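Residue numbers (the numbering used here): 130 to 437.
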Amino acid sequence: MESREKGVPLHRFSIDDGMNKKLMIPLIVLVLALCAGVVWLYLSLQEQKQTNQEMQELVEMDKREMEAEYARFALQYDEMQKQITNDSIVAQLVQEQEKTQQLLEELKRVKATDAREITRLKKELETVRAVLRDYVIQIDSLNRLNESLMEENSRVNAELEQRTAQVAGLSHEKASLSEKVAIAAQLDAAGIQLQLLNKRGKDTKKLKDCKQMKVDFAITKNVTASNGHRTIYVRIQNPGGNVLGGGGSFAYENRQLECSAHKTIEYTGEETHVTVYWNVTQMLEAGDYRVSIFADGNMIGSRMFSFN
């Protein structure tokens with residue numbers, strides 16, 4: 130009796146232990162799924178943060194480039210005042226130099242995030258450049274430099290070359306950042322499919338029965354790309370490399386290309402499915418057919434299909 134009573138608790142413990150194991154497995158799976166979700170969300174936020182940081186750096190680079198140009202123009206006004214003796218023109222140059230210096234100070238104070246003010250100062254910079262060009266023409270026709278001013282001119286030119294080198298360096302960095310942002314914002318077509326349809330709109334494998342070609346693909350998700358209407362162009366090329374035309378034309382790499390079909394979609398940054406059709410207007414030959422997708426002046430996808 131004593132032995133049997135001791136066995137009862139042991140049997141009950143074994144059942145509870147099995148139930149605990151059954152409960153732990155779903156809990157572990159749930160925890161792993163939550164961890165995977167958190168990792169994916171973190172990576173997405175890091176990617177968006179990187180893109181935003183690059184765009185902000187691009188704006189800062191543009192502002193620094195403008196500051197360098199304003200400073201260079203102010204130095205040129207100072208140089209021109211030493212080249213002439215006409216008091217009236219000197220007074221005008223002093224006034225323009227002070228205006229340029231004032232605009233430079235305004236630019237230094239403005240924040241890179243103030244797009245409206247940056248745009249205004251960029252327009253002012255164009256005006257300063259045009260006025261300076263006019264004065265250069267006037268002064269070249271009035272005076273020639275004497276020997277004493279040439280030495281000073283060399284010093285100023287050295288400073289100007291230094292400023293120009295800074296602007297060139299900033300321009301190069303700006304171009305590099307611009308290219309990275311442009312590449313990140315480019316659309317991408319995935320899952321390209323080409324189907325042959327017969328006169329009843331059913332799928333067929335025989336080219337002689339094909340009355341219509343159907344192209345399916347998806348524009349992938351891209352949080353960097355701008356939203357709005359996009360026109361998608363599809364080119365289908367036969368085994369001879371000729372385009373199955375009829376869809377008009379579009380611009381690509383400074384030339385006009387013929388397309389088989391095109392469609393305008395509303396892109397929201399999320400994955401977007403697209404389907405276009407091409408009605409058969411000529412005899413189809415057996416071989417390899419290439420489908421190429423274009424948008425925003427870029428080829429965003431291409432795939433080859435073989436038909437007998």
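Backbone N, C-alpha and C define an ideal beta-carbon position, used for all residues, glycine too. Since we're looking at a predicted model, the values are computed, not measured.
Scanning its chain for C-beta atoms nearer than 8 Å, with the 5 sequence neighbours on each side dropped, one finds around Q210 the residues V219, L222, V223 and Q226, in chain order. Annotated as proximal: F436 and K334, with beta-carbon spacing under 9 Å. Pairing Q230 with Y199, the inter-Cα distance amounts to about 7 Å.
For S270, the uninterrupted alpha helix (DSSP H) segment begins and ends at A244 to L271.
A distance of 9 Å or more separates the beta carbons of L254 and N215.
The beta carbon of H358 sits closer than 8 Å to those of T393, I394, E395 and Y396, all from its chain and outside the five residues before and after it, given in chain order. For D345, the enclosing beta strand (DSSP E) stretches over residues Q341 to I348. The three-state secondary structure of K392, taken from DSSP, is strand.
Note on geometry: alpha-carbon atoms of E246 and V239 lie some 7 Å from one another. Annotation: T349 to G426 spans about 17 Å, alpha carbon to alpha carbon.
Around the beta carbon of K337, fewer than 16 other beta carbons lie within 10 angstroms, which makes this residue exposed. Put simply, the backbone Cα of K252 is about 19 Å away from that of Y264. By the Cβ-count criterion, K192 is buried, with 16 or more other Cβ atoms from all chains shown falling within 10 Å of its own Cβ.
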